[in-house]
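First comes the structure, then the notes that go with it.
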Amino acid sequence: MPGGRAFRRPACHIVKSPLDNNLFYRKVVDSVLPRRPQRDDRTAPQTNRQPESERTRLSLIDDSDVLDLLRRGPTTSTAVARVLGVSRQAAHARLRALVESGRVVREGVARATRYRLPAAERWERNFPLSGLAEDRVLQQMVSEDAAMGRLTGEAEGLVAYVVTELVNNAIDHSSGNQVTVSAEQRGTLLLIEIEDDGVGAFAHVRDALGLPSELAAIQEISKGKTTTAPEHHTGEGLFFTSKAVDFFRLASGAQAWIVDNRREDMAVVAVEPPRQGTLAGVEIDLSDVRSLATLFDEYTQDYAFAKTRTVVRLFAIGVRFVSRSEAKRLLHGLDRFREVVLDFRGVEGVGQGFADEVFRVWAGVHPAVSLEPVNMNETVAFMVERARRREG
Numbered sequence: 002m003p004g005g006r007a008f009r010r011p012a013c014h015i016v017k018s019p020l021d022n023n024l025f026y027r028k029v030v031d032s033v034l035p036r037r038p039q040r041d042d043r044t045a046p047q048t049n050r051q052p053e054s055e056r057t058r059l060s061l062i063d064d065s066d067v068l069d070l071l072r073r074g075p076t077t078s079t080a081v082a083r084v085l086g087v088s089r090q091a092a093h094a095r096l097r098a099l100v101e102s103g104r105v106v107r108e109g110v111a112r113a114t115r116y117r118l119p120a121a122e123r124w125e126r127n128f129p130l131s132g133l134a135e136d137r138v139l140q141q142m143v144s145e146d147a148a149m150g151r152l153t154g155e156a157e158g159l160v161a162y163v164v165t166e167l168v169n170n171a172i173d174h175s176s177g178n179q180v181t182v183s184a185e186q187r188g189t190l191l192l193i194e195i196e197d198d199g200v201g202a203f204a205h206v207r208d209a210l211g212l213p214s215e216l217a218a219i220q221e222i223s224k225g226k227t228t229t230a231p232e233h234h235t236g237e238g239l240f241f242t243s244k245a246v247d248f249f250r251l252a253s254g255a256q257a258w259i260v261d262n263r264r265e266d267m268a269v270v271a272v273e274p275p276r277q278g279t280l281a282g283v284e285i286d287l288s289d290v291r292s293l294a295t296l297f298d299e300y301t302q303d304y305a306f307a308k309t310r311t312v313v314r315l316f317a318i319g320v321r322f323v324s325r326s327e328a329k330r331l332l333h334g335l336d337r338f339r340e341v342v343l344d345f346r347g348v349e350g351v352g353q354g355f356a357d358e359v360f361r362v363w364a365g366v367h368p369a370v371s372l373e374p375v376n377m378n379e380t381v382a383f384m385v386e387r388a389r390r391r392e393g
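Written out as C-alpha cells, the structure is:
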C-alpha cells in the first residue's frame, strides 16, 4: 500500500501525548474498557503469602485487552498495569510474551521502553469534495489496496456500506473542501478513517436543528432517524454504521461519540484540543464480521426503520436522573419509533419525576410506542415499576 504514516486510531489522532501521561486517553479507556480491581497483597495474611508465579500473573490479563490498548498507540508496562488494574510485573510479563510471539514490538530501553503493534502498510488518499461520488472512493480503495481487494462475502458488503455511508455524510453535510480516506489491516483487524475539513458534524446538527449544545446533537444522532436534510436522507446511516462495526468513533469539535460493540458500551468523551471538521473511525474484525442483514432485521419492521436503542446515561453528567426536564430531553424525537429500548446500564438511581414523566406521562401520550427498560438495578427498577403501576 502507498503512504508512509502509521495508522492513527481515532483517540490517538486527537491526543498525541504518551499514553501513560495522557489523562484524556485514560478517560477514553475507562469509558470503553471495564476496569479490573487492583490486586493488593498487603491485605492477605502474612503467614499465607506465597510468591506469585509468572503463570498466575499472566492469567490475570487477557491478550485482547492489551492489544486494544496498543491499537490506541504506543504505551508502557506501567500504563497497561494502571488501566487493567494489575501489577506492573504482571503487565510486563504479558507484554514480554506478546513480544516473543511477534504480536507486539518493543522499542527503547529502561524507562524509555515503549510497546507498540507491528507496523502495517496504510492506504490513504485525499479527495476534493466538490463533485465527489462515494462509489468512486470505494472503487479506488478496492483497486489500489490489496487487502481491500481481497475482501469477500459479508466483509466486502460491510466495508462497502461503511465507506459509502461515511463518505456520503462528508459530501452532503460537512461544507468542507476535501476528505481524507485511509485504510489499514493489522492481522484480522481492518481500520478505516474518513476525515473532512468542514464545519463539524455535531455543530452542523446543533445549528440545523436549533439544539442547545453539541452534546444534545450527539444525543439526537445516537437515537437514529436524525437528519438535517430529510428530503435527501433518512438519518439512518450513522446509526446503522455505529452498530455494524466492532468499534466506532465520531469526533468533532470538543467531543467524541464512541460506540464499542465488543463490550456493548457507549460513551461521550472530551476532545482536547477541540478539532475542526469531523473524524469518523471504525474497526472491523474480519474474522467475525457482523451480518448487515441480521442488523437490519433487528431494527426494522415491515422494511421500515422502527426500533432504536437509546443509552440513557448519555443524557446527563453523572449517574442519577431526577428531573422531568431530563426525561423530556431523553424522550425528544422517540415518538418516531415503534419500539424504544432504554438502557439503564451504569445508572444508579432515578427520581420520581423522571420515572413518572417517562413511564406514565409520555407512555400514556404515545401508546403506540413500546418502551422497554433494560439493565436496571433494584433502585431504578422500583421507581420504573411504581410509575407504570400509576399509569395503570
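Count along the sequence shown starting at 1, add 1, and that's the number in the working numbering.
We put the beta carbon where it would ideally sit given N, CA and C, even for glycine.
- Within the stretch 241 to 298, the complete beta strand (DSSP E) segments at least 3 residues long are 248 to 261 and 266 to 286, listed from N- to C-terminus.
- Following the DSSP letters along the chain, one finds I222 inside the alpha helix (DSSP H) bounded by residues E215 to K224.
- For the set G238, G334 and A268, the Cα lying nearest the Cα of L159 is the one of G238.
- Contact check for I172 and E135: beta-carbon distance about 7 Å, within the 8 Å limit, so the pair qualifies.
- For F241 and A156, the gap between their C-alpha atoms comes out near 15 Å.
- When Cβ pairs closer than 8 Å are counted between the two stretches, the stretch 189 to 208 is seen to touch the stretch 267 to 282, the count reaching three or more.
- The Cβ neighbour count for R73, taken over all protein chains shown within 10 Å, is at least 16; the residue is labelled buried.
- Fully enclosed beta strand (DSSP E) runs of no fewer than 3 residues occupy 106 to 108, 115 to 117 and 123 to 129 of the stretch 78 to 157, in order along the chain.
- Annotation for A202: the continuous alpha helix (DSSP H) segment containing it runs A202 to L210.
- Bridge pairing for T189: absent [DSSP].
- Taken through DSSP and simplified to helix, strand or coil, D63 comes out as coil.
- Ranked by Cα distance from P129, the first of Q90, S88, V182 and T79 is V182.
- The stretch 268 to 277 makes contact with the stretch 251 to 258; the number of CB pairs closer than 8 Å reaches 3 or more.
- Under the three-pair Cβ rule at 8 Å, the stretch 175 to 191 counts as touching the stretch 106 to 124.
- Bridge partners of V348 according to DSSP: none are assigned.
- Closest by C-alpha distance to E327, out of G352, F297 and F338, is G352.
- The C-beta distance from G350 to R389 rounds to 17 Å, too long to fall under 8 Å, and the pair is not in contact.
- Apart from sequence neighbours up to five positions away, the residues of its chain that approach F249 with a beta-carbon distance below 6 Å are S243, V260 and V283, ordered along the chain.
- When secondary structure is reduced to three states using DSSP, R72 falls in the coil class, being assigned neither helix nor strand.
- Using a Cβ distance threshold of 8 Å, L71 and R126 do not count as a contacting pair.
- Of the residues assessed, A82 falls on the buried side of the cut-off, its CB having 16 or more other CB atoms within 10 angstroms.
- Between E221 and A204, the gap from beta carbon to beta carbon reaches 8 Å or more.
- In the three-state DSSP reduction, D198 falls in the coil class, being neither helix nor strand.
- About 14 Å separates the beta carbon of M384 from that of A364, a gap too long to meet the 8 Å contact definition.
- For V375, the pairing in a beta bridge is given by DSSP as D344.
- Bridge pairing for R321: G350 [DSSP].
- S183 has E125 and E194 as its beta-bridge partners, per DSSP.
- Rounded to the nearest angstrom, the gap between the Cα atoms of S78 and A94 is 9 Å.
- When C-alpha distances from R346 are compared across T380, F360, T153 and R337, the shortest belongs to T380.
- Bridge partners of T309 according to DSSP: V341.
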